[in-house]
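Heads up: the sequence shown is residues 1 to 145, going by UniProt numbering. The beta-carbon is built from N, C-alpha and C at its ideal position, and this holds for glycine as well. Shown next, in structure tokens, is the structure this report addresses.
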Amino acid sequence: MNEQLLNDDDVTLFGLFVEAYSRIKPLVNRDLEVPHTWFEVLLRLGRTPGHQLRMTDLAEAVSFSSGGFTRLADRMEKEGLIRRDPDPADRRAALAVLTDKGGQALDHALTAHVSHLRNHLAGPLSAEDRRHLERILRTLRDANA
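See below:
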């Protein structure tokens with residue numbers, strides 16, 4: 001085994017990132033009362049002006065294949081959390097639209113989620129550390145877009 005690579009600072013940094021995320025994720029997703037993937041869809045729609053996105057854009061935003069996202073959207077639509085409308089700009093495409101029931105589910109989930117984020121993610125950090133982490137995460141996201 002290559003000891004130099006095993007002890008590489010970048011390998012350590014990535015490992016710490018994965019460990020922290022793995023430990024925080026179940027805590028901050030606790031009490032959502034909807035599956036985490038549904039919550040991500042509801043959150044993306046809730047934070048988008050008009051509370052609607054093209055299905056393909058939404059699938060990409062939540063890191064799903066188009067086929068996988070179609071099945072997810074089918075289940076969410078059946079529960080009344082989203083609906084599909086024709087895209088007026090492209091008749092071959094559809095828009096996922098947040099319903100009133102979906103908005104209520106999102107509000108309920110966010111109440112618990114924000115509390116857990118404050119306790120387990122932001123809470124252990126100073127205000128300065130939080131600003132640095134946000135800047136670092138935005139840099140990583142943008143560099144790998």
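Assign residue i to one of two classes, buried (16 or more other C-beta atoms within 10 Å of its C-beta) or exposed (fewer than that).
i    : result
H132 : exposed
I136 : exposed
H51  : buried
L6   : exposed
F14  : exposed
F17  : exposed
M76  : buried
L125 : exposed
L140 : exposed
So which of the options has the shortest CA-CA distance to residue i?
i    : options                   : result
A145 : E60, L32, I24 and K78     : E60
R30  : R141, N119, R47 and G50   : N119
D100 : G46, G123 and L5          : G46
L27  : L117, D129, F64 and E19   : L117
D90  : S65, S115 and R54         : R54
R92  : T56, V11, K78 and I24     : T56
R23  : A143, R130, L121 and T111 : L121
Suppose contacts are defined by Cβ-Cβ distances below 8 Å. Is residue i in contact with residue j by that definition?
i   : j    : result
D87 : A96  : no
V34 : A127 : no
V62 : R44  : yes
Which runs of the beta strand (DSSP E) at least 3 residues long sit entirely within the UniProt domain "HTH marR-type" (1 to 142)? Give them in chain order.
52 to 54, 82 to 87 and 90 to 98
Could you say if the stretch 104 to 112 and the stretch 28 to 47 meet the contact criterion of at least three C-beta pairs nearer than 8 Å?
yes
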